[in-house]
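Worksheet: the structure to be examined is printed underneath.
There are 4 protein chains.
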Amino acid sequence: MDVLEDEVPVGGVAQDIGGVAADQLRSIVERIERLEEEKANIANDIKEVYSEAKGNGFDAKIIRKVVALRKKDKHDLAEEEELLALYRAAVGV
Amino acid sequence: MDVLEDEVPVGGVAQDIGGVAADQLRSIVERIERLEEEKANIANDIKEVYSEAKGNGFDAKIIRKVVALRKKDKHDLAEEEELLALYRAAVGV
Amino acid sequence: MDVLEDEVPVGGVAQDIGGVAADQLRSIVERIERLEEEKANIANDIKEVYSEAKGNGFDAKIIRKVVALRKKDKHDLAEEEELLALYRAAVGV
Amino acid sequence: MDVLEDEVPVGGVAQDIGGVAADQLRSIVERIERLEEEKANIANDIKEVYSEAKGNGFDAKIIRKVVALRKKDKHDLAEEEELLALYRAAVGV
DNA sequence: AGTCGATTTTTGGGAC
DNA sequence: GTCCCAAAAATCGACT
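Residue numbers (this note's numbering), protein chains in the order written: chain A, 1360 to 1452; chain B, 1360 to 1452; chain C, 1360 to 1452; chain D, 1360 to 1452.
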């Protein structure tokens, strides 16, 4: 009831199967799948860049950290580091 | 030595900052950042498709499940074949 | 700031070091470390079972697959039922 | 269930099905499954400790970092931090 | 020394 | 808006 309210088959295109506008649904699913494929491809490209970097003698793990740090807001960064220092001091390195 | 085996700055382009070939590193980082931006854009597109679907009366949760299942089916199929191959190898052709 | 809202050291037990209730924190950390040790021990036991199986002529890779499949079967079953429930809700009992 | 069905224990010893000693295999698989269950239980306990810590106003994420740091060898730690500093300097925070 | 599987951490969505 | 759970990414470790 939350799912599909009133699929009016105006032009007779969308068939109702069990109350579900099957064609429309299929189209949506396919669009998503296509986008997810593109996304996976890019994820792959990223992996390759890391691989190549590694091949050139860089440490991929550290590069990841750099990328992550650049994404972070500077202020958040300072705060977190301070907090970590505090905890470390409290517990003993 | 684990990190950067001597990047000799032949043409004088890559400067050594603290032993790291800074220019090359910066280029790598920027490539990654660019790709990640593209990836984020696509992720956004996907979200929009879900939103739109929801606007058309579909339940996004179900669509997600359908997409996930279809992906899994493919994956499972591949896995089954792999397992079968393993068994065949185990038993001897 | 998000972290420790004013744990007032009532009985004087928990000392404040840099604003952190150090004793309590240390106790937490130690509990976790103890549990993680147990976990690592069990992981080791598992490894030994695989080793032993291998010693008896079994292929560890296949055993892993079998274990994984059996786990997945249970999980998939639950998921299928969930999806079915979703569809039923979508269609209206 | 899909994998190993109904091994009838005819003679009480290990029967060969397709060259595989099924009883022995089943025993191995069950031992592993039992151990994995124990492991999962402990993993759960750990989660609960984090939860409880969170309930007491601690930041679970930072505690995780503390635990991880304590696991690491001091020397390795220093090395990694130094390298990170290097990269950060090279790239610009 | 690289691939692959397992584990852990992070992110994102859903519910209240 | 905050908390919890599930999916994704990243890290770690084994075996080849």
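Note that the Cβ used here is the ideal one computed from N, Cα and C, for glycine as well.
Is the distance from the Cβ of residue i to the Cβ of residue j below 8 angstroms?
| i | j | result |
| --- | --- | --- |
| B/Leu1445 | D/Val1450 | no |
| A/Leu1428 | D/Val1452 | yes |
| D/Lys1431 | C/Lys1398 | no |
| B/Phe1417 | A/Ile1391 | no |
| B/Val1408 | A/Leu1394 | yes |
Are the C-beta of residue i and some C-beta of chain C separated by less than 8 angstroms?
| i | result |
| --- | --- |
| D/Val1450 | no |
| A/Tyr1409 | no |
| D/Ala1444 | no |
| B/Val1367 | Annotation note: pLDDT 42 at B/Val1367 (below 50); position unreliable, no value reported. |
Using a Cβ-Cβ cut-off of 8 angstroms, state whether residue i counts as contacting chain D.
| i | result |
| --- | --- |
| B/Ala1437 | no |
| B/Arg1390 | no |
| A/Arg1393 | no |
| A/Asp1432 | no |
Please indicate yes or no: does the CB of residue i lie closer than 7 angstroms to some heavy atom of the ligand ATP?
| i | result |
| --- | --- |
| B/Tyr1409 | Of the ligands one can find in the structure shown there are none, so the ligand ATP has no counterpart to examine. |
For residue i, decide whether its Cβ has a neighbour in chain B, counting only Cβ atoms nearer than 8 angstroms.
| i | result |
| --- | --- |
| C/Lys1398 | no |
| A/Ala1412 | yes |
| C/Ile1422 | no |
| A/Asp1404 | yes |
| A/Glu1441 | no |
Mind checking residue i: buried by the 16 CB within 10 Å criterion, or exposed?
| i | result |
| --- | --- |
| B/Lys1381 | Inspection of the sequence shows that residue 1381 of chain B is occupied by Ala rather than by Lys. That one is buried. |
| A/Leu1442 | buried |
| C/Ala1412 | buried |
| D/Ala1448 | exposed |
| D/Glu1364 | Any reading at D/Glu1364 must be qualified, since the residue scores a pLDDT of 47, below 50, and its modelled position is unreliable; no value is offered. |
Flag residue i as yes if its beta-carbon sits less than 8 angstroms from any beta-carbon of chain A, otherwise no.
| i | result |
| --- | --- |
| C/Ala1381 | yes |
| D/Leu1428 | yes |
| D/Arg1453 | This structure cannot speak to residue 1453 of chain D, because chain D is shown only from 1360 to 1452. |
- Task: Give a yes or no on contact between the stretch 1419-1434 of chain A and the stretch 1400-1414 of chain B, applying the rule of three or more CB pairs nearer than 8 angstroms.
- Result: no
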